[in-house]
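For reference, the structure is listed below as structure tokens.
Residue numbers (the UniProt record's numbering): 1 to 103.
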């Protein structure tokens with residue numbers, strides 16, 4: 001299992017354009033069987049940052065996701081929309097639980 005986050009800081013005046021691009025990744029990624037969780041969050045403080053919490057079945061599923069044409073197309077736009085490179089971190093699960101959310 002692969003657990004990771006990817007954080008994005010929008011360039012000046014690019015916040016809404018970046019958010020739309022990242023939201024679009026969610027629907028596309030939902031079609032990938034190895035993508036188990038792909039949650040886009042927005043920080044409450046200003047300037048905002050967007051953070052994906054991602055969980056993939058295995059390294060092959062993550063590699064497949066990164067190679068998808070829709071992802072490569074989005075990645076090509078990052079230089080124009082981001083204040084700096086995305087910050088990616090990988091995690092090992094230590095402890096926890098999850099409940100289904102019905103909201």
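Cβ atoms here follow ideal geometry from the backbone N, Cα and C, with glycine treated the same way. In this text the structure is predicted, and so the values were computed from the model without any measurement.
Is it right to say residue i is buried, meaning 16 or more other beta carbons lie within 10 angstroms of its own, or is it exposed?
| i | result |
| --- | --- |
| residue 18 | buried |
| residue 54 | buried |
| residue 62 | buried |
| residue 101 | exposed |
| residue 52 | buried |
I'd like to confirm the pairing. Which residues does DSSP put opposite residue i in its beta bridges?
| i | result |
| --- | --- |
| residue 66 | DSSP output for residue 66 lists no bridge partner at all. |
| residue 85 | DSSP lists no partner for residue 85. |
Using only alpha-carbon positions, find the residue among the options that is nearest to residue i.
| i | options | result |
| --- | --- | --- |
| residue 9 | 96, 82, 69, 72 | 82 |
| residue 28 | 102, 74, 86, 97 | 74 |
| residue 6 | 16, 68, 89, 65 | 89 |
| residue 70 | 25, 44, 2, 61 | 25 |
| residue 46 | 38, 15, 98, 3 | 15 |
| residue 4 | 99, 92, 96, 80 | 92 |
| residue 13 | 1, 96, 58, 48 | 48 |
Counting only the same chain and skipping the five closest in sequence on each side, list residues whose C-beta sits under 6 Å from that of residue i.
| i | result |
| --- | --- |
| residue 22 | 40, 50 |
Beta-carbon within less than 7 Å of residue i's beta-carbon, same chain only, minus the 5 sequence neighbours each way: which residues are those?
| i | result |
| --- | --- |
| residue 35 | 29, 56, 61, 65 |
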